[in-house]
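Please read the structure below before turning to the comments.
Numbering (our numbering), first residue to last: 4 to 511.
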């Protein structure tokens, strides 16, 4: 009798699942992992915690099961949002299409990712979290491994990739890993470390040989991952491991419900765990913070070569902040006004994210060209609060904050002074924006009292003076002061000379 009731309930549940489209998903698996981290220098520290990752074959799953699918809009118990992966400029594509285009940008043919599996942390019940590490396992038409790709995200919303090609130099034998590669660090991951040094990346692939060509290929081997971080003196600094706790489980209603009932919060706690460990290292282990550098992206022809501070492994700028967007429009309008007065000048604005369109202000045939290479959207807000062109050149350029690089500082000075416009100098917005910039100069000088400047930081100009820009400048200053106030109250310590709101320290 009891068994009949259980069978009946199971039948009803199965029927409901089928009607509601909670069907099992082919070529998709759940794997339970333990991630462990160990720091060796400048202080010792270790921790570990459990998490559950999805391993699945990349395809067009947006119309699939409510159990698990790839979609930016459709709800499912577990979901992969394609906007959170790979090159930001291609986030309107599926992950597979984004992957292939991202590889094309780096000189790889489509055969490098004829098929691909992604291992990542899925969104749970519509609730997303930071995804520190995702792995792509790429295969050719013969089912042979071609690439292993590490996609790394930081808490600032930026993303980077490291590519391991399958060849004699990266394959390893008699090891729990199948591939190994040494890669220079090219991405800012944590405020506890700078970008110096290099990684040893190790991974095992879920399939090899002709397993993928079989009509019903076996369950994948749970990949094992290890990241070893060495500083620029080749001293071991940090290790991180992803160790599977068992076999891969097919993506069925039963396995998903088991995950939700036994590990419902583990993935959602990832950001809080990262934050806790950073605060513990800062306050109890006395590690000072490194500020985040301004980086764009580099389209390398092959797997990342040795990188300089002029390059980065970022996969593109994050979404342009609202305030920066309005500031950019204001700056472009002011520069356009200047060029109209001097039609022999044209301005080209490009970005270190090469997929952001280049802007041309002025006529193509103009004799003189000012080229601005923007390395962070903050350039626009910071230019609006810069008291004068001397300050902008000294602080916003490569000698200090490195928000922008230009081909001709003299021409930049001429354009900004033209944009100030004598007819604006006595207007109310011009008076207010000069007052705000003078206030910002005094505050900035107060933060670095020992620094001696070779220009007058308080000689405020009326660049881009308008009522709207007064509001943008005011909001930018409030944001900066609140940021400095909060970090000061919390007792956050940065590396000497690296406090974000003390740029003049970096000119000393």
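Cβ atoms here follow ideal geometry from the backbone N, Cα and C, with glycine treated the same way.
With fewer than 16 other Cβ atoms inside 10 Å of its own Cβ, residue 482 counts as exposed. Residue environment for residue 412: exposed (fewer than 16 other C-beta atoms within 10 angstroms of its C-beta).
In its chain, beyond the 5 residues on either side, 24, 25 and 79 have a beta carbon closer than 6 Å to the beta carbon of residue 69. Around the CB of residue 126, 16 or more other CB atoms lie within 10 Å, so the residue is classed as buried. Taking a C-beta distance under 7 Å as the contact criterion, residue 61 and residue 96 do not qualify as a contact pair. Bounds of the beta strand (DSSP E) holding residue 231 are 228-233. Taking all protein chains shown into account, residue 464 has 16 or more neighbouring C-beta atoms within 10 Å of its C-beta and is therefore buried. Counting other Cβ atoms within 10 Å of its Cβ, residue 343 stays below 16 and is therefore classed as exposed. Just so you know, the alpha carbons of residue 497 and residue 229 end up roughly 29 Å apart.
Per DSSP, residue 382 is one residue of the alpha helix (DSSP H) stretching across 381-388. The region 381-390 and the region 354-362 do not touch, with fewer than three beta-carbon pairs separated by less than 8 Å. The beta carbon of residue 451 lies closer than 7 Å to those of 505, 507 and 508 in the same chain, with the five residues before and after it left out. The DSSP-derived three-state label of residue 92 is helix. Residue burial is scored here from C-beta neighbours: residue 410 has fewer than 16 other C-beta atoms within 10 angstroms and is therefore classed as exposed. Residue range 412-423 is occupied by the alpha helix (DSSP H) that includes residue 423. Residue pairing of residue 244 in beta bridges, as defined by DSSP: 39 and 229. Look at the region 252-277 and you find these whole runs of beta strand (DSSP E), each 3 residues long or longer: 252-254.
Counting only the Cα atoms, residue 142 lies some 15 Å from residue 173. Under the three-state reduction of DSSP output, residue 123 falls in the strand class. Per DSSP, the beta-bridge partners of residue 81 are 71 and 127. Within a 10 Å sphere around the beta-carbon of residue 447 sit 16 or more other beta-carbons, which makes this residue buried. Rounded to the nearest whole angstrom, the CA to CA distance from residue 40 to residue 199 is 19 Å. Under the DSSP definition of a beta bridge, residue 28 partners with 254. With a cutoff of 7 Å on beta-carbon distance, residue 124 and residue 56 are scored as near each other.
When secondary structure is reduced to three states using DSSP, residue 57 falls in the strand class. Within the same chain, 347, 348 and 414 come within 7 Å of residue 371 by CB-CB distance, once the 5 residues on both sides are set aside. In this structure, the alpha-carbon of residue 479 lies about 18 Å from that of residue 407.
The beta carbon of residue 242 sits closer than 6 Å to those of 41 and 231, all from its chain and outside the five residues before and after it, given in chain order.
Membership of residue 237 in any beta strand (DSSP E) is not indicated, and neither H nor E is assigned to it by DSSP. Under a 10 Å Cβ-count criterion, residue 169 is classified as buried, with 16 or more other Cβ atoms of the shown protein chains found around its own Cβ. Residue 475: not part of any beta strand (DSSP E); member of the alpha helix (DSSP H) spanning 470-492, first to last residue. Non-local C-beta neighbours of residue 335 in its own chain, meaning closer than 6 Å and more than five positions away in sequence, are absent. Residue 365 is classed as buried because its beta carbon has at least 16 other beta carbons within 10 Å across all chains shown.
Around the CB of residue 391, 16 or more other CB atoms lie within 10 Å, so the residue is classed as buried.
Residue 429 carries a coil assignment under DSSP once its states are collapsed to helix, strand and coil. Rounded to whole angstroms, the gap between the alpha carbons of residue 247 and residue 111 is 31 Å.
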